[in-house]
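Asks: Protein chains in written order, with numbering that gives the first Met the number 0: chain A, 0 to 492; chain B, 0 to 484.
C-beta atoms are modelled at their ideal positions from N, C-alpha and C, and glycine is treated no differently.
All values reported here derive from a predicted model rather than from experimental measurement.
Structure in structure tokens, see below.
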Amino acid sequence: MELYNYMGYELIEKVINREITIQDVIQTSFDRIETTDNLIHSFVKLSKDKALKKAKEYDIKIQKGQKVGRLYGLPFANKDLICLKGFPTTCCSKILRQYRPPYNAFVIERLVEQEGAIHIGNTNMDEFAMGSSTESSCYGPTYNPWDLSRVPGGSSGGSATAIASGQAIFAIGSDTGGSIRCPASFCGVVGLKPTYGRVSRYGLVAFANSLDQIGPITKCVYDSALMLEIISGKDPLDSTSVDIKVDKYTEEIKNPIEKKVLGVPKEFFDEGIDNEVKSSVKKSIEKLESLGTTIVEVTIPHLEYTIATYYLLCMCEASSNLARFDGLRYGNMSEDPSGDVFEVFSRTRGEYFGPEVRRRIFLGTYALSAGYYDKFYIKALKVRSLIKNDFIEAFKKCDSIVCPTMPSTAFKAGALIDDPLQMYIIDILTCSVNLAGIPALTIPCGFDSNNLPIGFQIIGDYFDEKGILNIGYQLEQELKVYRKITPVVSGGK
Amino acid sequence: MSSQNNDVIIGLEVHIQLTNLKTKLFCSCSTKYRGAEPNTFVCPICIGLPGSLPVVNKKVVEFATRLALALDCKINHKFWFFRKNYHYPDLPKGFQITQYNKAGGKAFADGGKITIRVNNHKKEVVLNRIHIEEDPARLVHKGSIATSPFTLVDYNRSGVCLIEIVSEPVIDTPEEAREFLKQLKSIVQYTDISDLDLQGSVRVDANISIKGNERSEVKNINSFKEVERALSYEIIRQRNALKRGKILIQETRHWDDKRKITISLRSKEFEADYRYFPEQDLVPLEIDNIFIQKVKEKLPEMPNERALRLRREYMLSEFDSENLVLDKEIADFYENGANSDPSFGYKEYKQYCNWLMNNISGWLNENNTTIKNIKITPKHIVDLIKNIRNGKITTKIAKTYIDEMMKGTSLSQIIKKKGKKRIYDEKIIEKLCRAVIEENPNVVKDFHKNLKALEALIGRVMAKTKGQADPKITRKIILELLGKS
Chain A
0 MELYNYMGYE LIEKVINREI TIQDVIQTSF DRIETTDNLI HSFVKLSKDK ALKKAKEYDI
60 KIQKGQKVGR LYGLPFANKD LICLKGFPTT CCSKILRQYR PPYNAFVIER LVEQEGAIHI
120 GNTNMDEFAM GSSTESSCYG PTYNPWDLSR VPGGSSGGSA TAIASGQAIF AIGSDTGGSI
180 RCPASFCGVV GLKPTYGRVS RYGLVAFANS LDQIGPITKC VYDSALMLEI ISGKDPLDST
240 SVDIKVDKYT EEIKNPIEKK VLGVPKEFFD EGIDNEVKSS VKKSIEKLES LGTTIVEVTI
300 PHLEYTIATY YLLCMCEASS NLARFDGLRY GNMSEDPSGD VFEVFSRTRG EYFGPEVRRR
360 IFLGTYALSA GYYDKFYIKA LKVRSLIKND FIEAFKKCDS IVCPTMPSTA FKAGALIDDP
420 LQMYIIDILT CSVNLAGIPA LTIPCGFDSN NLPIGFQIIG DYFDEKGILN IGYQLEQELK
480 VYRKITPVVS GGK
Chain B
0 MSSQNNDVII GLEVHIQLTN LKTKLFCSCS TKYRGAEPNT FVCPICIGLP GSLPVVNKKV
60 VEFATRLALA LDCKINHKFW FFRKNYHYPD LPKGFQITQY NKAGGKAFAD GGKITIRVNN
120 HKKEVVLNRI HIEEDPARLV HKGSIATSPF TLVDYNRSGV CLIEIVSEPV IDTPEEAREF
180 LKQLKSIVQY TDISDLDLQG SVRVDANISI KGNERSEVKN INSFKEVERA LSYEIIRQRN
240 ALKRGKILIQ ETRHWDDKRK ITISLRSKEF EADYRYFPEQ DLVPLEIDNI FIQKVKEKLP
300 EMPNERALRL RREYMLSEFD SENLVLDKEI ADFYENGANS DPSFGYKEYK QYCNWLMNNI
360 SGWLNENNTT IKNIKITPKH IVDLIKNIRN GKITTKIAKT YIDEMMKGTS LSQIIKKKGK
420 KRIYDEKIIE KLCRAVIEEN PNVVKDFHKN LKALEALIGR VMAKTKGQAD PKITRKIILE
480 LLGKS
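Next up, the structure:
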């Protein structure tokens with residue numbers, strides 16, 4: 000078996016047992032990228048020389064019996080909006096092309112500096128994480144390794160395809176309305192959006208700061224649990240990060256689940272959901288029942304308002320968060336310097352922001368304007384708290400909620416890019432989780448008739464990552480779908 | 000109050016940098032940036048690099064509470080921030096993190112008042128609120144903003160904590176505005192939150208209108224001293240415009256402190272819509288009554304209470320005591336000195352006050368410095384008063400010692416060095432008086448017609464002794480010699 004077929008924890012064992020070297024693993028990654036990335040386009044920038052050098056350094060350390068951190072030099076792919084000191088971090092936007100942050104994000108400090116993951120490159124994404132297909136990147140689209148004519152989902156598309164195709168072992172994504180779970184679902188990998196506040200956002204370039212959360216994308220639940228253990232916890236530099244005990248996820252996931260009560264929200268199985276997705280998810284729910292869990296029906300009555308509420312709030316926040324990109328201090332400034340400073344700012348922003356980013360800034364600015372603030376922003380906040388309450392009520396009846404991650408499997412590239420509303424609607428099953436601030440995990444549970452992966456979503460109560468990882472792990476062990484996910488680039492049509 | 004000013008309405012927004020805070024409002028950069036190389040007191044947070052997040056400097060809560068208590072404001076128990084969105088080169092994030100008292104937000108504290116005195120009338124200037132916000136960067140121009148060929152940006156100031164004090168529009172004249180700021184400066188000094196003598200530590204925006212007309216907002220008044228001037232200019236400008244039959248529009252104007260005029264920046268229709276909304280990168284802080292009580296207990300006596308006490312304890316006039324307490328350093332100096340000698344009574348207290356307020360303060364103003372920067376000690380004035388009291392030096396001579404005292408030289412040393420001891424020896428004085436009478440027959444003639452000429456003769460004796468002859472003895476001897484005793 001090729002090295003790229005292994006799970007992260009298996010490779011760690013092999014490195015510890017000196018069956019393989021870290022250099023073997025890193026070289027395998029770059030070989031894999033070499034042969035597949037011209038088709039998939041997971042990466043926007045590689046860090047090959049530095050990675051190979053680091054691998055050599057770590058191998059020497061291991062030979063000497065020195066510690067290299069819990070991630071043992073395994074290849075790590077970083078989403079292009081998480082600051083990595085000295086490495087271009089561009090949010091896949093022309094406005095930040097060439098931008099190199101002078102500091103590391105909190106999660107980079109933990110994963111790379113502390114626990115010894117080796118950064119191999121930054122992955123493609125929708126510009127400023129605004130999108131669900133990884134088609135709005137200034138570097139061009141990413142394609143789904145299961146069918147190259149299809150999108151990988153988004154916005155963390157490159158991170159998901161890097162994992163699915165065996166280019167990397169660990170990847171980081173960010174999830175504002177589903178940006179980890181959507182591509183993980185479409186690419187048949189595991190993706191986790193933690194509770195808001197579980198992982199520090201320091202160094203994550205904000206899209207919608209009350210919704211954004213960083214999380215892992217991996218091949219299996221164990222690897223996600225391992226990453227979450229590392230990146231969780233209070234960071235004094237992020238006031239919204241929460242000082243709550245970080246569980247030993249890698250151990251807790253192996254607990255039996257037979258006493259658990261799982262809620263099935265009927266609204267998540269409405270007519271908008273693809274039948275093949277529904278039946279695959281239902282089969283998995285039956286599987287969970289056979290493992291001894293109790294299945295109950297729950298309801299999220301305000302689900303129908305989530306798209307409107309989510310998009311309103313994220314656009315308002317984005318219009319403010321992206322105001323700093325004017326080309327004055329960093330990033331690109333328009334080559335035409337004529338006019339006063341406001342004209343240059345406007346020209347710079349007009350030239351270098353893509354159409355989807357501009358649309359969201361316009362709409363967000365409009366909704367926050369005098370006279371509209373109460374009608375839109377304040378109202379959306381009210382609905383947000385209703386949705387939050389729906390979940391709080393539901394969790395009185397169950398431990399976790401199980402449902403599909405996406406209403407369909409991966410769609411054709413270009414199919415929705417000119418139809419923003421249709422593109423927004425596919426977030427229907429993911430973005431309510433961000434509005435409530437609760438954690439959710441997606442794992443692959445099967446394939447549709449086109450052999451495209453289907454994602455199974457497990458939504459947890461606040462800070463109950465332990466619970467959803469536990470259910471995810473036990474279901475994964477039953478389904479063994481992840482063993483079927485070989486990183487083969489299937490022939491596109 | 001002159002009647003022609005009764006139709007003027009002025010409201011002030013005073014921005015005060017908390018220079019006594021060690022670090023900026025949302026990051027750990029030092030606030031001691033004055034005189035530093037531009038853009039060296041910065042970090043990813045205060046220049047708003049992508050991905051950076053603010054964290055509130057908790058010390059700010061205590062500082063703001065001190066000021067709020069001193070100004071008699073009502074402190075709001077929930078402390079949180081809003082974003083004020085607008086584009087400007089001095090604003091690295093494209094929004095300013097500030098507080099907002101609408102859209103569900105609250106200022107740090109509401110209400111409050113400052114008592115001022117103008118033309119011997121006391122008046123309470125009511126405050127609307129005080130709130131906390133971050134300072135933008137500093138823009139540097141060559142000469143006037145209107146003609147500078149470039150704008151330079153220095154982010155060293157970016158993110159320093161400001162407190163904005165907003166008055167109600169109840170100020171009637173530029174003089175009242177000046178007095179308001181004088182009292183505010185004094186209170187800020189007593190609360191120990193800022194040194195407003197530091198360059199650029201205070202900025203004032205003023206709303207001015209003539210009753211029945213639109214108002215203009217004058218921005219960029221960068222020192223207390225300029226406020227009266229800018230207001231006077233703007234009132235005359237508005238009056239002249241009305242006289243010429245023009246209609247005033249609501250606009251924002253810029254005080255050009257190089258040319259000493261206000262220039263129009265933008266009219267209301269081009270006013271930015273700031274799209275205030277909550278800053279969700281920060282979590283609201285609770286300010287409870289226990290905390291407020293603790294801060295209150297540590298607060299020193301405020302200037303108005305102190306003035307009352309000084310009147311009582313030292314029998315000073317209302318005028319003297321109010322002036323004395325304005326500058327805390329001066330008032331501390333006074334009390335240290337006045338209390339240090341048990342022989343001092345009301346007469347000496349008054350003398351001490353006069354020395355301090357007239358001679359010493361005058362010297363400080365002329366030399367553009369403050370009492371903490373020079374070496375004179377309270378004991379200097381005590382010694383001075385005692386030496387005058389026991390006749391060792393004259394008041395006139397004492398005044399010539401001030402320069403030396405400011406350097407810290409002790410009075411006994413000065414007296415030794417300058418040798419200006421008083422001459423009491425009647426024989427010496429008599430000799431001198433005889434000489435003067437001989438030399439000035441005309442004055443003596445006058446003296447016999449009019450006793451007032453006596454002063455001229457005494458003056459001549461003094462001139463001969465460089466002021467050292469005891470004036471009482473001199474007077475007595477001349478009168479004796481001329482047969483008028």
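From the DSSP output, which residues share a beta bridge with alanine 76 of chain A?
Replies: In DSSP, alanine 76 of chain A forms a bridge with A:Gly120, A:Ala170.
Asks: If we call anything under 8 Å between Cβ atoms a contact, is lysine 544 of chain A one with valine 263 of chain A?
Replies: Lying before the first or after the last residue shown, residue 544 of chain A is absent from chain A, which here runs from 0 to 492.
Asks: Give a yes or no on whether 8 Å exceeds the smallest Cβ distance from aspartate 153 of chain B to chain A.
Replies: It does not; no Cβ of chain A falls within 8 Å.
Asks: Go to lysine 121 of chain B, then tell me how far its beta strand (DSSP E) extends in each direction, as first and last residue.
Replies: That run of the beta strand (DSSP E) goes 120–133.
Asks: Using only alpha-carbon positions, find the residue among B:Leu431, B:Ile260, B:Lys444 that is nearest to isoleucine 457 of chain B.
Replies: Selected option, being the one with the closest Cα: B:Leu431.
Asks: Consider the Cβ of tyrosine 102 of chain A: report whether some Cβ of chain B lies at a distance smaller than 8 Å.
Replies: Cβ-Cβ to chain B under 8 Å: yes for tyrosine 102 of chain A.
Asks: Would you give the residue range spanned by the alpha helix (DSSP H) that glutamine 476 of chain A belongs to?
Replies: Its alpha helix (DSSP H) spans residues 464–478.
Asks: Let me know if glycine 390 of chain B comes out buried or exposed under the rule of 16 or more other beta-carbons within 10 Å of its beta-carbon.
Replies: Flag for glycine 390 of chain B reads exposed.
Asks: In the DSSP assignment, find the unbroken beta strand (DSSP E) run with lysine 192 of chain A in it and report its ends.
Replies: Segment 189–192, the beta strand (DSSP E) holding lysine 192 of chain A.
Asks: Specify, as a first and last residue, the run of the beta strand (DSSP E) that phenylalanine 390 of chain A falls within.
Replies: Segment 378–393 is the alpha helix (DSSP H) holding phenylalanine 390 of chain A; no beta strand (DSSP E) there.
Asks: Below 8 Å between beta carbons: does that hold for isoleucine 246 of chain B and isoleucine 207 of chain B?
Replies: Contact: no.
Asks: Helix, strand or coil: how does DSSP classify methionine 0 of chain B here?
Replies: For methionine 0 of chain B, the pLDDT reaches just 42, beneath the cut-off of 50, and the residue's location in the model is therefore unreliable, although a value from the coordinates is still provided. Here methionine 0 of chain B sits in coil by DSSP.
Asks: Does the CB of arginine 357 of chain A have a neighbour CB from chain B at under 8 Å?
Replies: No, arginine 357 of chain A lies away from the interface with chain B (no Cβ there is under 8 Å from its Cβ).
Asks: Rounded to a whole number of angstroms, what is the C-alpha to C-alpha distance between tyrosine 71 of chain A and alanine 116 of chain A?
Replies: Going from the Cα of tyrosine 71 of chain A to the Cα of alanine 116 of chain A covers about 6 Å.
Asks: Can you pull the chain A neighbours of valine 282 of chain B, defined as C-beta to C-beta under 9 Å?
Replies: Here the neighbours are Ser238, Thr239.
Asks: Would you kindly check if the distance between the Cβ of leucine 126 of chain B and the Cβ of leucine 70 of chain B is under 8 Å?
Replies: Cβ atoms of leucine 70 of chain B and leucine 126 of chain B: closer than 8 Å.
Asks: What does the Cβ neighbour count give for valine 260 of chain A, buried or exposed, with the cut at 16 atoms within 10 Å?
Replies: By the 10 Å Cβ count, valine 260 of chain A comes out exposed.
Asks: Provide the residue(s) that pair with glutamate 296 of chain B in DSSP beta bridges, ordered along the chain.
Replies: For glutamate 296 of chain B, which the question treats as bridged, DSSP gives no partner whatsoever.
Asks: Is there at least one Cβ from chain B nearer than 8 Å to alanine 317 of chain A's Cβ?
Replies: With 8 Å as the cut-off, alanine 317 of chain A does not count as an interface residue toward chain B.
Asks: Counting only the same chain and skipping the five closest in sequence on each side, list residues whose C-beta sits under 8 Å from that of arginine 116 of chain B.
Replies: Hits under 8 Å: Lys122, Glu178, Glu321.
Asks: Under a three-way DSSP split, which group does phenylalanine 446 of chain A fall into?
Replies: Strand.
Asks: Please look up how many angstroms separate the CB atoms of leucine 45 of chain A and threonine 27 of chain A, rounded, as I've assumed it's under 8 Å.
Replies: That belief does not hold up - the Cβ atoms of leucine 45 of chain A and threonine 27 of chain A are roughly 14 Å apart, past 8 Å.
Asks: Can you name the residues of chain A whose CB is closer than 9 Å to the CB of proline 43 of chain B?
Replies: Neighbours of proline 43 of chain B on chain A, chain order: Cys82, Pro100, Pro101, Tyr102, Gly202.
Asks: Kindly indicate which three-state DSSP category isoleucine 81 of chain A falls into: helix, strand or coil?
Replies: Isoleucine 81 of chain A: strand per DSSP, three-state reduction.
Asks: Three-state secondary structure (DSSP) at cysteine 352 of chain B?
Replies: Helix at cysteine 352 of chain B.
Asks: Glutamate 296 of chain B: buried (16+ other C-beta within 10 angstroms of its C-beta) or exposed?
Replies: Exposed, because fewer than 16 other Cβ atoms sit within 10 Å of the Cβ of glutamate 296 of chain B.
Asks: For the segment 46–75 of chain B, which residues have a beta carbon sitting closer than 9 Å to at least one beta carbon of chain A?
Replies: Within the segment 46–75 of chain B, the residues whose Cβ lies closer than 9 Å to some Cβ of chain A are Ile46, Gly47, Leu48, Pro49, Gly50, Ser51, Leu52, Pro53, Val54, Val55, listed in chain order.
Asks: If glycine 158 of chain B sits next to phenylalanine 25 of chain B, beta carbons under 8 Å apart, how far is it from one beta carbon to the other, in whole angstroms?
Replies: Rounded, the Cβ-Cβ distance is 6 Å, consistent with contact.
Asks: Give me the Cβ distance between proline 452 of chain A and glycine 190 of chain A, rounded to the nearest whole Å; I'm assuming they're in contact under 8 Å.
Replies: 12 Å between Cβ atoms; not a contact.
Asks: Beta-carbon separation of serine 184 of chain A and serine 154 of chain A under 8 Å?
Replies: In this structure, serine 154 of chain A does not lie closer than 8 Å to serine 184 of chain A by Cβ.
Asks: What first and last residue would you give for the beta strand (DSSP E) that runs through aspartate 255 of chain B?
Replies: Aspartate 255 of chain B -> beta strand (DSSP E) spans 250–255.
Asks: Listed from N- to C-terminal order along the chain, which residues in the segment 193–217 of chain A have their beta-carbon within a distance smaller than 8 Å of any beta-carbon of chain B?
Replies: If the cut-off is 8 Å between Cβ atoms, the segment 193–217 of chain A has Arg200, Tyr201, Gly202, Leu203, Val204, Ala205, Asn208, Ser209 near chain B.
Asks: Taking contact to mean 3 or more Cβ pairs, one atom from each stretch, closer than 8 Å, check whether the segment 165–180 of chain A and the segment 215–232 of chain A are in contact.
Replies: Flag = yes, the segment 165–180 of chain A and the segment 215–232 of chain A touch.
Asks: When the Cα of lysine 381 of chain A is compared with those of A:Pro419, A:Asp269, A:Val480, A:Thr305, which residue comes out closest?
Replies: Of the candidates A:Pro419, A:Asp269, A:Val480, A:Thr305, the one whose C-alpha sits nearest the C-alpha of lysine 381 of chain A is A:Thr305.
Asks: Comparing alpha-carbon positions, which option in B:Ile186, B:Lys141, B:Glu12, B:Lys406 lies nearest phenylalanine 62 of chain B?
Replies: Nearest of B:Ile186, B:Lys141, B:Glu12, B:Lys406 to phenylalanine 62 of chain B, Cα basis: B:Ile186.
Asks: How many whole angstroms separate the CB atoms of threonine 249 of chain A and leucine 225 of chain A, which I take to be in contact at a CB cut-off of 8 Å?
Replies: Right, their Cβ atoms sit about 5 Å apart.
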